[in-house]
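Novice: Each residue of the sequence shown is one higher than the one before, counting from 2 in the working numbering.
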Amino acid sequence: MPAAFAWPARIYWEDTDAGGVVYYANYLKFLERARTEWLRTLGVEQRELLDFHRLLFAVVHVDADYRRPARYGDLLQVTCAVASHTRTSVTFAQEVYRDQPRGRTAADRQRTGRVPGCAHFPAPTDT
Numbered sequence: 002m003p004a005a006f007a008w009p010a011r012i013y014w015e016d017t018d019a020g021g022v023v024y025y026a027n028y029l030k031f032l033e034r035a036r037t038e039w040l041r042t043l044g045v046e047q048r049e050l051l052d053f054h055r056l057l058f059a060v061v062h063v064d065a066d067y068r069r070p071a072r073y074g075d076l077l078q079v080t081c082a083v084a085s086h087t088r089t090s091v092t093f094a095q096e097v098y099r100d101q102p103r104g105r106t107a108a109d110r111q112r113t114g115r116v117p118g119c120a121h122f123p124a125p126t127d128t
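(1) What residue from 13, 26, 92 and 20 has the CA that sits closest to residue 61's CA?
(2) For a test of your reading of the model: does the CB of residue 47 fall under 7 Å from any non-hydrogen atom of the ligand SAM? Yes or no.
(3) Could you tell me whether the Cβ atoms of residue 67 and residue 14 are closer together than 8 Å?
(4) Hey, which unbroken runs of the alpha helix (DSSP H) at 4 residues or more fall wholly within the segment 28-111?
(5) Taking the continuous beta strand (DSSP E) assigned at residue 19, which residues delimit it?
(6) Mind checking whether residue 32 and residue 95 have CB atoms under 8 Å apart?
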């Protein structure tokens, strides 16, 4: 498997609970952003996939193991790599580290996204 893409994410108050610890669901936001930025480095814009190719990623499964809390002010590294793929789905291996990859793992994730055709979605409109 090629080296994972890493995207930095600083933790702000809006990401935390009252105790300054990252709220668990916000890790999913970090994963989504890292995957989107990884695709951008490859020249792929998800809006263009939808508008011109009528394709999109629909996350259908997420496994998460929370190992150590991330806190207000931490700088995380969120990685993204393709673990496996078929014609209609891709599984991403993603991890969240404090400081640097191979540092202290905050969370591990496996995400499976389906890439359905969008015939059943309405055509995008200009708004």
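C-beta: ideal position from N, C-alpha, C; glycine also.
Specialist: Per the coordinate set shown:
(1) 92
(2) Here there are no bound small molecules, and the ligand SAM is not part of this structure.
(3) no
(4) 47-54
(5) Element bounds for residue 19: n/a, residue is neither H nor E.
(6) yes
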